[in-house]
Amino acid sequence: MLDLDAEVTAGHLAELTDRIAELAGDRPVRDVVDIGAGTGTGTFALLRRFPEATVTAIDTSADMLTHLGESARRHGFDGRIRTRQADLDAGWPEIGAADLVWAASSMHHMGDPERVLAGIRGVLRPGGLLAMIEMESVPRFLPADIGLGRPGLEDRCHAIADQARAEHLPHQGSDWAARLSAAGFKIRDSRELVVDLSAPLSAQAVRYAVATLRRFRTGVAEGLSADDRATFDTLLADDARVLRALPGLTVRSTRSVWLSTPA
Numbered sequence: 084m085l086d087l088d089a090e091v092t093a094g095h096l097a098e099l100t101d102r103i104a105e106l107a108g109d110r111p112v113r114d115v116v117d118i119g120a121g122t123g124t125g126t127f128a129l130l131r132r133f134p135e136a137t138v139t140a141i142d143t144s145a146d147m148l149t150h151l152g153e154s155a156r157r158h159g160f161d162g163r164i165r166t167r168q169a170d171l172d173a174g175w176p177e178i179g180a181a182d183l184v185w186a187a188s189s190m191h192h193m194g195d196p197e198r199v200l201a202g203i204r205g206v207l208r209p210g211g212l213l214a215m216i217e218m219e220s221v222p223r224f225l226p227a228d229i230g231l232g233r234p235g236l237e238d239r240c241h242a243i244a245d246q247a248r249a250e251h252l253p254h255q256g257s258d259w260a261a262r263l264s265a266a267g268f269k270i271r272d273s274r275e276l277v278v279d280l281s282a283p284l285s286a287q288a289v290r291y292a293v294a295t296l297r298r299f300r301t302g303v304a305e306g307l308s309a310d311d312r313a314t315f316d317t318l319l320a321d322d323a324r325v326l327r328a329l330p331g332l333t334v335r336s337t338r339s340v341w342l343s344t345p346a
């Protein structure tokens, strides 16, 4: 699903890396750290934009890093990436200084964001940049009335997911601008990356919707009524035949971005 997300947001990533290059100016971007690298969406976007760069990709998951390494070899980037399995809440690995730290949808997973931000500040060279991206919730895909079951299915799913996130991911939706300032960063730019795709969707956008809603249905199943579970099952049955044919299928998401330097 992370790879499908990368396909849908590719244009926004290119715009963002261009803005990072503008802020870097004449200062070279050679040493990059990707926190919570996952399958490599940010890593590959940065390597394409900064041809002199090498990336240290950090993740807690060995499987993700293995997948990233295999993808790097397929794309010809294997000589420019090193992977480190690490939990930054437990401490930083020895990675050296960085010109750029990229943290996309990873900071809200940290148990102690202030400690991690202090670590980022410690590895950045003078004038170095932190690019931090957070998405507040699961993207939305369905119209209010899908012609099946009771209207408002997706709203009810999000309400269940929001309650679970408040319990298990208490830092999601934080005032990150305030936290960055308190950690000694100066925000150079902030913006929202909005994805708003309407029907008819591309094949990759439809695959993204199907994959995300399948995972979403699993995650909120216990909180749904029997009728809502049945509606979801109808949407997703037979390779999501009904969902794929839904006239009002869309992709809507918003990510917040902060580009900062140590103050």
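Residue numbers (the numbering used here): 84 to 346. Virtual Cβ for every residue (Gly too), placed ideally from N, Cα, C. Since this is a predicted model, take the numbers as computed values, not measurements.
Label SER343 either buried or exposed according to how many other C-beta atoms from any shown protein chain fall within 10 Å of its C-beta, with 16 as the threshold for buried.
By the C-beta density criterion, SER343 is buried, having at least 16 other C-beta atoms within 10 angstroms.
Where the alpha helix (DSSP H) through PRO283 begins and ends
That residue, PRO283, is in no alpha helix (DSSP H); it is neither H nor E in DSSP.
Which term fits SER336, buried or exposed, when burial requires 16 or more other beta carbons within 10 angstroms of its beta carbon?
Counting Cβ neighbours within 10 Å, SER336 comes out buried, since at least 16 surround it.
Using a 10 Å radius around the Cβ and a threshold of 16 neighbouring Cβ atoms, would you call THR149 buried or exposed?
Classification for THR149: exposed.
MET84 burial status per 10 Å Cβ neighbour count (16 or more: buried):
With a pLDDT of 47 at MET84, under the threshold of 50, the modelled position of that residue is not reliable, and the figure given next carries that caveat. Result: exposed.
Give me the residue from ARG223, PHE160, ARG198, PRO283 with the minimum Cα distance to TRP175.
ARG198 is the residue among ARG223, PHE160, ARG198, PRO283 whose C-alpha sits nearest the C-alpha of TRP175.
GLY162 to ILE270 span [Cα, whole Å]:
Here the C-alpha atom of GLY162 lies approximately 32 angstroms from the C-alpha atom of ILE270.
How would you label ALA328, buried or exposed, when you count the other beta carbons within 10 angstroms and need 16 or more for buried?
Classified as exposed, ALA328 has fewer than 16 neighbouring CB atoms from the shown chains inside 10 Å of its CB.
Here's a check: name, in chain order, each residue in its chain whose Cβ is nearer than 8 angstroms to the Cβ of ARG262, leaving out the five neighbours to either side.
Once the five neighbours on either side are set aside, the close Cβ partners of ARG262 are PRO196, GLU197, LEU200.
Starting from the Cα of SER189, find the closest Cα among ALA180, ASP172, GLU217 and give me that residue.
Selected option, being the one with the closest Cα: GLU217.
Report the rounded CA-to-CA distance for SER144 versus ARG223, giving the unit in angstroms.
ARG223 has its alpha-carbon roughly 27 angstroms from the corresponding atom of SER144.
Are ARG208 and ASP182 touching if we call contact CB-CB under 7 angstroms?
Cβ distance < 7 angstroms, so ARG208 and ASP182 count as in contact.
Answer yes or no: do VAL116 and THR139 have a C-beta to C-beta separation smaller than 7 angstroms?
A contact, by the Cβ cut-off of 7 angstroms.
Do ALA214 and ILE55 count as a contact pair if the criterion is CB distance below 7 angstroms?
No answer is possible for residue 55: the residues shown for the chain start at 84 and end at 346.
Among the residues of its own chain, which have a CB less than 8 angstroms from the CB of LEU236, if the five just before and after it don't count?
For LEU236, where only same-chain residues beyond five positions count, the Cβ hits under 8 angstroms are LEU225, ILE229, ASP311, THR314, PHE315.
Inspect the CB distances between the segment 123-131 and the segment 92-111 and report whether three or more fall short of 8 angstroms.
Yes: the two stretches touch, three or more of their Cβ pairs being nearer than 8 angstroms.
If I measure Cβ to Cβ from LEU318 and keep anything under 8 angstroms in the same chain, skipping five residues before and after, which residues do I get?
Closer than 8 angstroms at the Cβ level, and outside the excluded window around LEU318, lie ILE229, LEU231, LEU296, VAL325, LEU326, LEU329.
Rounded separation between GLY205 and ILE178 - CA only
If you draw a straight line from the Cα of GLY205 to the Cα of ILE178, it comes to about 11 angstroms.
For LEU71, count neighbouring Cβ atoms within 10 angstroms of its own Cβ and tell me buried if that reaches 16, exposed if not.
The requested residue 71 does not occur in the structure, where the chain is confined to residues 84 to 346.
Take GLY302 and list the residues in its own chain whose beta-carbon comes closer than 8 angstroms to its own, dropping the five residues that flank it on each side.
So the qualifying residues of the chain are ALA244, ALA247.
With H, G and I counted as helix, E and B as strand and the rest as coil, what does DSSP make of TRP175?
Secondary structure at TRP175: coil, using DSSP grouped into helix, strand and coil.
Report the three-state DSSP secondary structure of VAL199 (helix, strand or coil).
Three-state result, VAL199: helix.
Could you check the C-alpha separation between ALA260 and SER273 for me, to the nearest Å?
Each residue's CA atom was taken as its position, placing ALA260 and SER273 some 9 angstroms apart.
Start and end of the beta strand (DSSP E) containing GLY210?
First-last of the beta strand (DSSP E) with GLY210: 207-218.
What does a CB cutoff of less than 7 angstroms around ALA323 pick up in its chain, not counting 5 residues either side in sequence?
Hits under 7 angstroms: VAL293.
Determine the closest residue to GLY210 out of ALA180, GLY194, ASP238, ARG239, with distance taken between C-alpha atoms.
Each of ALA180, GLY194, ASP238, ARG239 was checked against the Cα of GLY210, and the nearest Cα belongs to ALA180.
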